[in-house]
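Q: Throughout the sequence shown, residue numbering follows the working numbering, covering 131 to 526 in sequence.
We treat Cβ as the ideally placed atom computed from N, Cα and C, and that holds for glycine.
Pasting a structure here, questions to come.
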Amino acid sequence: MSFNPQTTHDQMSTKKAASALISVFHKDGLEPIVRKFEELGITIYSTGGTEKFIRELGVDVVPVEDVTSYPSILGGRVKTLHPKVFGGILNRQDNDSDVAQLEKYDIPQLDVVIVDLYPFEKTVGSGASEQEIIEKIDIGGISLIRAAAKNYEDVLCVSSMEDYGDFLNVISEGNGNTSIEDRKRFASKAFNVSSHYDTAIFNYFNKNHEEAVLKISETQGQVLRYGENPHQKGFFFGDFEAMFSKLHGKELSYNNLLDVDAAVNLMNEFKKDDPTFAILKHNNACGLATRENIHQAYVDALAGDPVSAFGGILISNVEIDKPTAEEIHRLFCEVVIAPSYSEEALEILKGKKNRIILTQNEVELPETTVRTCLNGVLVTEFLCKTKTIKPIPLSI
131 MSFNPQTTHD
141 QMSTKKAASA
151 LISVFHKDGL
161 EPIVRKFEEL
171 GITIYSTGGT
181 EKFIRELGVD
191 VVPVEDVTSY
201 PSILGGRVKT
211 LHPKVFGGIL
221 NRQDNDSDVA
231 QLEKYDIPQL
241 DVVIVDLYPF
251 EKTVGSGASE
261 QEIIEKIDIG
271 GISLIRAAAK
281 NYEDVLCVSS
291 MEDYGDFLNV
301 ISEGNGNTSI
311 EDRKRFASKA
321 FNVSSHYDTA
331 IFNYFNKNHE
341 EAVLKISETQ
351 GQVLRYGENP
361 HQKGFFFGDF
371 EAMFSKLHGK
381 ELSYNNLLDV
391 DAAVNLMNEF
401 KKDDPTFAIL
411 KHNNACGLAT
421 RENIHQAYVD
431 ALAGDPVSAF
441 GGILISNVEI
451 DKPTAEEIHR
461 LFCEVVIAPS
471 YSEEALEILK
481 GKKNRIILTQ
491 NEVELPETTV
501 RTCLNGVLVT
511 EFLCKTKTIK
521 PIPLSI
């Protein structure tokens, strides 16, 4: 077994990768990395399905079992949890004692660790059985991520398939070398992955609020044009594209999003009713009507307060047709929301360049509401007339 100590301080900032451990759930996008490692002469260590995948590519791979002299046991629950693996990751290469122990115990230095965790959240969301969910709690992978990220001075940690492309660019442009800046950047990504993963697991176990604890983790963030006021920064954390398809108009602002949220929650109470139209301004309804057709519903909703409707948010629980669009087009409004639009209606509504037109997708709304209060946070279950919803922890 080869050993490649790198101990000088000059080598600490930029490091040449000589070895890598790969243990991933998702193999999509992994092949180019494996091919690049082969081209650069980087020794690959792996186990289980990942080892099989690499071997089938015709690329040399060292089984982790050859390093540990211990097989994968307990149905694959224990594979990489071994001092010879974690010693290769956690050793400090500028520490003479650490380097001496690697040589003494024949532990290979690991310069790159690539992990993609078991898909715990997707498994929960699929309606799988509790046993299937428990088996998707990654143990070895999360441990590898934390170890490699902690030792970013010497090791680069790739913690998600989402970062395969980024890492491939780094290793290709550096011809196998990685900078301390890149290693620290990937370490930050890794701790984001591990903390989010643990939050999702806790929230699953605490879904009935046995513990009065709030853990929110949301990895999808969007920088807004500004916050509540133009001089303030603003961010939205969530998957906006899962809830809406944006068909037309300018970028949504912080205040637009607050109004859209109020509109969607209001219309959620009427989504199974007859054609219903609502108009909101500053998070408050200024008109709502349920009628036999959506055109009349809009006309009557507007009649509720035609002055406040100016610059408001419009939402329908059914498709908007041409006659309704023609009426809407006479009003200045920021946002129009509906499940769908007729072709003619869409063309009419697109007549105003900045008007935001959204199609609302079928997505479950959060079952709790959260807001800051004093020096803390208030949480309440969300109730609507269509159903009573049991509270569960959110995952910002």
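Buried or exposed for F367, please, with buried defined as at least 16 other CB atoms from any protein chain shown within 10 angstroms of its CB.
A: Exposed: under 16 other Cβ atoms inside 10 Å.
Q: Output yes or no for whether 8 Å exceeds the beta carbon distance between L331 and V288.
A: Rather than Leu, the amino acid found at residue 331 in this sequence is Ile. No.
Q: Nearest to M397 by CA position, among G379, K380, L187 and T420, is which residue?
A: For the residues G379, K380, L187 and T420, the minimum Cα distance to M397 belongs to T420.
Q: Would you mind sorting A279 into buried or exposed? The rule is 16 or more other CB atoms within 10 Å of its CB.
A: By the 10 Å Cβ count, A279 comes out buried.
Q: Which complete alpha helix (DSSP H) runs does the stretch 256-328 hold, if anything under 4 residues is left out?
A: The stretch 256-328 contains these whole alpha helix (DSSP H) runs: 260-265, 270-280 and 294-303.
Q: What do you get for P162, buried or exposed, if any count of 16 or more other CB atoms within 10 angstroms of its CB means buried?
A: Exposed, because fewer than 16 other Cβ atoms sit within 10 Å of the Cβ of P162.
Q: If you draw a straight line from the C-alpha of T138 to the C-alpha of D224, how long is it?
A: For T138, the predicted model reports a pLDDT of 45, less than 50, meaning its position is unreliable; a value from the coordinates is still stated below. Straight-line Cα distance between these residues: approximately 6 Å.
Q: Helix, strand or coil for A148, going by three-state DSSP, please let me know.
A: Note: A148 maps to coil in three-state DSSP.
Q: Using 8 Å as the threshold, is the stretch 476-493 in touch with the stretch 376-383, meaning 3 or more CB pairs across them?
A: In short, these stretches touch, since the Cβ pair count reaches three.
Q: Look up P201 in the DSSP assignment and say whether it is helix, strand or coil.
A: P201: coil per DSSP, three-state reduction.
Q: Quick check: the Cα distance between N214 and A317, rounded to an integer number of angstroms?
A: Looking at the sequence shown, residue 214 is not Asn but Lys. Roughly 22 Å between the two C-alpha positions.
Q: Measure from the alpha carbon of T498 to the alpha carbon of each residue in K209, V507, Q490 and N491, then state which is nearest.
A: Residue V507 is the option with its Cα nearest to T498.
Q: Could you tell me which uninterrupted alpha helix (DSSP H) segments, each at least 4 residues in length, are contained entirely in the stretch 429-484, listed from first to last along the chain?
A: Qualifying alpha helix (DSSP H) stretches, in chain order: 452-459 and 473-479.
Q: Determine whether the beta carbon atoms of S375 and N505 lie at a separation below 8 Å.
A: No. Outside cutoff.
Q: Should A393 and A372 be called a contact, given that it needs their Cβ atoms to be closer than 8 Å?
A: No, the pair does not count as a contact, with Cβ atoms beyond the cut-off.
Q: For P436, count neighbouring Cβ atoms within 10 angstroms of its own Cβ and tell me buried if that reaches 16, exposed if not.
A: Exposed is the call here.
Q: Could you tell me whether the stretch 335-342 touches the stretch 451-467, where touching means 3 or more Cβ pairs closer than 8 Å?
A: At 8 Å Cβ cutoff, the stretches do not touch.
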